[in-house]
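Scroll down for the structure; my scribbles are underneath it.
Protein chains: 2
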Amino acid sequence: MDKNSLAPHFTTALATRAMQVETILQKLLDERLRAGEIARPERLMAAMRYGVLNGGKRLRPFLVMETAALFGANEEAALRVAAALESIHCYSLVHDDLPAMDDDDLRRGQPTLHKAFDEAAAILAGDSLLTYAFDIIASEETELDAATRLELVLSLARAAGPGGMAGGQALDLMAEEQNPDEAGIITLQAMKTGALIRFACESGAIIGGATRQERERLAEFGSAIGLAFQLADDLLDVTSDAAHLGKAAGKDAAAGKATLVALHGIDWTRNQLAGLVAQAEELLSPFGDKAEILKQAAHFIANRES
Amino acid sequence: MDKNSLAPHFTTALATRAMQVETILQKLLDERLRAGEIARPERLMAAMRYGVLNGGKRLRPFLVMETAALFGANEEAALRVAAALESIHCYSLVHDDLPAMDDDDLRRGQPTLHKAFDEAAAILAGDSLLTYAFDIIASEETELDAATRLELVLSLARAAGPGGMAGGQALDLMAEEQNPDEAGIITLQAMKTGALIRFACESGAIIGGATRQERERLAEFGSAIGLAFQLADDLLDVTSDAAHLGKAAGKDAAAGKATLVALHGIDWTRNQLAGLVAQAEELLSPFGDKAEILKQAAHFIANRES
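Chains as they are written, first to last, in my numbering: chain A, 18 to 323; chain B, 18 to 323.
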């Protein structure tokens, strides 16, 4: 498959999904919050909106919606799960950017939340986005039966928690001094960035009431493109510049951080990426043409330039 | 009711519940986490344990368990919900203590988490405790049907999120410059400390399959003792010292923070506390003798000295 000939279709689909998720996030962060609360903590809500409505690619929501579509799932339900996942992803960015963590001033070319507001607002907005994600999924407005919503809550909590993303972030903070070997780096990345991408793909199968086997296949697809995502990210860190990335570049090398790119070089990494894309396509083969857009997503993730 | 004659019974019951919840928390933070994760982020888990296993009174877990007992609920299920709630409560303390928030060095006479570890560990451990709480409740090991677990997830997310505790904390940070009036202070406190205590009492009714009316009654009981809890806290801040409290005293006054005690004085506050205890007892009256320990809890909360 030649990525360039397919790119326009994929880019349009990604932008369409991003618009859908942006709309529901705006609704969820504005109207819906009015009902539950006693008073409106306006500044907190402004900080939450700033942390979420920032023009991201919305890749994880895209994966939720397109994997759900494979199974003819309720689109409104998928959209809400997608919004919840994006809320979790954005909370993690807000907290990761804090001075005590990665200490970043820029995110997608804009001041990070603690720069635009302050550190307390960034901590609380992150906490709130994380908590609110479970509210969104558990709510009756997410038109799925109780057992399915509960399954999604559990899977998302595990993907985001100490055995998933948060645990991976903790391992990453240790990596500079502990210098993990190849297996250690792969594990760290599977937790830090892989777990949420895996959840994105698996959740579509859960929402769509897929068989256990199909669900496992989608989860593996998520793991493959999750690893590809991280490899591409590490590659960009050494080959790109800040203007292109919208955030600081060359940070890994400067921090002496162990990455697979640092360990094996650029050519090896490009080969690995090609292998992961092939593996991702193979995992989708039982779904035939319906999975075409997801195959393009795998290519996009492996070859992205920002 | 004379609190002194009843205190021994209550104190023993509180200590017993605390021991039960400590045991399950230790189990949940050690054994259970092994299963889900790929690698053990040891330092993160040590930080989570430090943040949770710190000898707290475990008042919220006590309320979950004793309200659940009113309805003859499954005790193991109540214990797990209690542990999840305590995990959320402790996350909020860890984040509130951070330099960018309340900047506290001491908590229950011990160094706060960011002092014992570092700020990054405190941020991540807080995030992890928050996320893990939803994992605990949603898990099949919490022996409740899917609809009940989902109801608990939703109620807890709302109590802890931007319309509840986190929102209250945000309003509190604004309070120094915005100087809220009496209604503003009550709202802020109902969100910041009241929401979780209300959830603690309401969750017992949910776990026990209570009627809608009973559930509402328990929630109101929770609101009354939640407000009493905060009034007693504000009172302690002006009447106690750090050695007694295990944390800094006189902080509110030093920060010029508006509290009902500052607004109305000590005598007014003591009267209010007596009124809230009477209201709490009245709300429990339909449950007769079974609710005796909860009435004692109301007295304890209003009259506590640390």
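Glycine included, C-beta positions come from ideal geometry on N, C-alpha and C. These numbers come from a predicted model, not from an experiment.
Margin query: Contact criterion: CB-CB distance below 7 Å. Does residue 197 of chain A meet it with respect to chain B?
Written below: Stepping through the first sequence from its first residue, residue 197 of chain A is reached at position 180. No, residue 197 of chain A lies away from the interface with chain B (no Cβ there is under 7 Å from its Cβ).
Notebook entry, point to check: If you measure beta-carbon to beta-carbon, which residues of the region 89–113 of chain B are closer than 7 Å to chain A?
Noted result: 112
Check: Along the chain, where does the alpha helix (DSSP H) that runs through residue 293 of chain A open and close?
Finding: In the first sequence, residue 293 of chain A corresponds to position 276, counting from 1. 283–301 is the span of the alpha helix (DSSP H), which, as asked, contains residue 293 of chain A.
Item checked: Proximal chain B residues relative to residue 324 of chain A, where beta-carbon distance stays under 8 Å -> It is not possible to answer for residue 324 of chain A, since the shown part of chain A is limited to 18 through 323.
Notebook entry, point to check: For the region 146–170 of chain B, which residues have a beta carbon sitting closer than 7 Å to at least one beta carbon of chain A?
Noted result: 147, 148, 149, 151, 152, 155, 156, 163, 164, 166, 167 and 170
Note to self: One question on the structure: do residue 130 of chain B and residue 67 of chain B come within less than 7 Å of each other, judged by their Cβ atoms?
What the structure shows: Within the second sequence, numbered from 1, the residue matching residue 130 of chain B stands at position 113. Within the second sequence, numbered from 1, the residue matching residue 67 of chain B stands at position 50. Yes, they are a contact pair.
Note to self: Considering only their Cβ atoms, is the gap separating residue 97 of chain B from residue 35 of chain B smaller than 7 Å?
What the structure shows: Here residue 35 of chain B is taken as the residue at index 18 of the second sequence, counted from 1. Here residue 97 of chain B is taken as the residue at index 80 of the second sequence, counted from 1. Contact: no.
Notebook entry, point to check: Quick one: does residue 242 of chain A have its CB under 7 Å from some CB of chain B?
Noted result: Translated into positions along the first sequence, residue 242 of chain A becomes position 225. By this cut-off, residue 242 of chain A is not an interface position.
Margin query: Could you compute how far the alpha carbon of residue 213 of chain B sits from the alpha carbon of residue 192 of chain A?
Written below: On the second sequence, residue 213 of chain B is found 196 positions in, with the first residue counted as 1. On the first sequence, residue 192 of chain A is found 175 positions in, with the first residue counted as 1. Each residue's CA atom was taken as its position, placing residue 213 of chain B and residue 192 of chain A some 36 Å apart.
Notebook entry, point to check: Going by the beta-carbon positions, is the gap between residue 167 of chain A and residue 167 of chain B smaller than 7 Å?
Noted result: By 1-based counting over the first sequence, the position of residue 167 of chain A is 150. By 1-based counting over the second sequence, the position of residue 167 of chain B is 150. Yes, the Cβ-Cβ distance between residue 167 of chain A and residue 167 of chain B is below 7 Å.
Notebook entry, point to check: Using Cβ-Cβ distances below 9 Å, what residues of the region 287–318 of chain A are close to chain B?
Noted result: Listed in sequence order: no entries.
Notebook entry, point to check: So is residue 188 of chain A buried or exposed if we call it buried at 16+ other beta carbons inside 10 Å?
Noted result: For this step, residue 188 of chain A is matched to residue 171 along the first sequence. Buried, because 16 or more other Cβ atoms sit within 10 Å of the Cβ of residue 188 of chain A.
Margin query: For residue 92 of chain A, report the span of its alpha helix (DSSP H) as first-last.
Written below: Numbered from its first residue, the first sequence carries residue 92 of chain A at position 75. Residues 92–113.
Check: With distances taken between CB atoms, is the gap from residue 223 of chain A to residue 94 of chain A smaller than 7 Å?
Finding: Against the first sequence, residue 223 of chain A aligns to sequence position 206. Against the first sequence, residue 94 of chain A aligns to sequence position 77. The Cβ atoms of residue 223 of chain A and residue 94 of chain A lie no closer than 7 Å to each other.
Next item on the list: Anything in chain B within Cβ reach of residue 177 of chain A, meaning under 8 Å, just list it in chain order.
Entry: Reading the first sequence from its first residue, position 160 is the one you call residue 177 of chain A. Residues of chain B passing the Cβ test: 148.
Check: Going by beta carbon distance, what residues of the same chain come within less than 6 Å of residue 286 of chain B, once the five residues before and after it are set aside?
Finding: Position 269 of the second sequence, counted from the start, is the residue given in the question as residue 286 of chain B. The answer, listed in chain order, is 248, 252 and 278.
Next item on the list: Tell me whether the beta-carbon of residue 310 of chain B lies closer than 7 Å to the beta-carbon of residue 30 of chain B.
Entry: What you label residue 310 of chain B is simply residue 293 of the second sequence in a count that begins at 1. What you label residue 30 of chain B is simply residue 13 of the second sequence in a count that begins at 1. Contact check for residue 310 of chain B against residue 30 of chain B passes: the beta carbons are separated by less than 7 Å.
Checklist line | Own chain partners of residue 301 of chain B with C-beta closer than 7 Å, once the 5 adjacent residues on each side are dropped | finding: If you number the second sequence from 1, residue 301 of chain B lands on position 284. Excluding sequence neighbours, residue 301 of chain B sits near 238, 308, 311 and 312.
Next item on the list: Give the secondary structure of residue 277 of chain A by DSSP, where H, G and I count as helix, E and B as strand, and everything else as coil.
Entry: Residue numbering aside, residue 277 of chain A sits at position 260 when the first sequence is read from its first letter. Under the three-state reduction of DSSP, residue 277 of chain A is assigned to helix.
Note to self: If we define contact as Cβ-Cβ less than 7 Å, is residue 184 of chain B a contact residue for chain A?
What the structure shows: In the second sequence, the residue the question calls residue 184 of chain B occupies position 167. With 7 Å as the cut-off, residue 184 of chain B counts as an interface residue toward chain A.
Next item on the list: Report the three-state DSSP secondary structure of residue 124 of chain A (helix, strand or coil).
Entry: The sequence position of residue 124 of chain A within the first sequence is 107, counting from 1. Reduced to three states, the DSSP call for residue 124 of chain A is strand.
Check: Using the rule of at least 16 other Cβ atoms within 10 Å of the residue's Cβ for burial, across every protein chain shown, is residue 240 of chain B buried or exposed?
Finding: By 1-based counting over the second sequence, the position of residue 240 of chain B is 223. Residue 240 of chain B is buried by the Cβ-count criterion.
Margin query: Taking 8 Å as the limit between beta carbons, can you name the residues of its chain near residue 178 of chain B, skipping five residues before and five after?
Written below: The sequence position of residue 178 of chain B within the second sequence is 161, counting from 1. Excluding residues within five positions, the ones whose Cβ falls inside 8 Å are 184.
Item checked: Inter-residue spacing [alpha-carbon to alpha-carbon] between residue 61 of chain A and residue 81 of chain B -> Start at 1 with the first residue of the first sequence, and residue 61 of chain A comes out as number 44. Start at 1 with the first residue of the second sequence, and residue 81 of chain B comes out as number 64. Answer to the nearest angstrom: the Cα atoms are 29 Å apart.
Check: So is residue 217 of chain B in contact with chain A if we call contact Cβ pairs under 7 Å?
Finding: On the second sequence, residue 217 of chain B is found 200 positions in, with the first residue counted as 1. Answer no: the Cβ-Cβ gap between residue 217 of chain B and chain A never drops below 7 Å.
Checklist line | Endpoints, the alpha helix (DSSP H) within which residue 144 of chain A is located | finding: For the purposes of this step, residue 144 of chain A is taken as the residue at position 127 of the first sequence. Here the alpha helix (DSSP H) through residue 144 of chain A covers 136–155.
Check: Using DSSP with H/G/I as helix, E/B as strand and the rest coil, what is residue 196 of chain B?
Finding: Reading the second sequence from its first residue, position 179 is the one you call residue 196 of chain B. DSSP places residue 196 of chain B in coil when its eight states are reduced to three.
Notebook entry, point to check: Which residues of chain B have a Cβ atom closer than 7 Å to the Cβ of residue 78 of chain A, listed in chain order?
Noted result: Along the first sequence, one-based indexing puts residue 78 of chain A at 61. Under the 7 Å cutoff, chain B gives no residues; its nearest Cβ is about 19 Å from residue 78 of chain A.
Item checked: Closer than 7 Å at the beta carbon, the chain B residues around residue 58 of chain A -> Here the question's residue 58 of chain A lines up with position 41 in the first sequence. Under the 7 Å cutoff, chain B gives 179, 184, 187 and 188.
Item checked: Residue burial classification, residue 215 of chain A (beta-carbon count within 10 angstroms, cutoff 16) -> As a working note, residue 215 of chain A is residue 198 in the first sequence. Buried: at least 16 other Cβ atoms inside 10 Å.
Check: Which residue's Cα is closest to the Cα of residue 292 of chain A: A:275, A:276, A:304 and A:319?
Finding: By one-based count along the first sequence, residue 292 of chain A stands at place 275. It is A:319 whose Cα lies nearest to the Cα of residue 292 of chain A.
Notebook entry, point to check: If we count the other Cβ atoms within 10 Å of its Cβ and call it buried at 16 or more, is residue 331 of chain A buried or exposed?
Noted result: Here chain A has residues from 18 to 323 only, and residue 331 of chain A is not among them.
Check: Got a sec, what are the start and stop residues for the alpha helix (DSSP H) residue 132 of chain A sits in?
Finding: Locating residue 132 of chain A in the first sequence gives position 115, where the first residue counts as 1. Element bounds for residue 132 of chain A: 130–133.
Check: What do you get for residue 122 of chain B, buried or exposed, if any count of 16 or more other CB atoms within 10 angstroms of its CB means buried?
Finding: To locate residue 122 of chain B, count along the second sequence from 1; it is residue 105. Classification for residue 122 of chain B: exposed.
Checklist line | Per-residue burial, residue 229 of chain A [other beta carbons within 10 Å of its own, 16 or more giving buried] | finding: As a first step, residue 229 of chain A is located in the first sequence; it is residue number 212 there, counting from the start. The residue is exposed, with fewer than 16 neighbouring Cβ atoms inside 10 Å.
Note to self: Can you tell me where the alpha helix (DSSP H) holding residue 246 of chain B begins and where it ends?
What the structure shows: Numbered from its first residue, the second sequence carries residue 246 of chain B at position 229. It spans 229–256 - the alpha helix (DSSP H) in which residue 246 of chain B sits, taken as one unbroken run.
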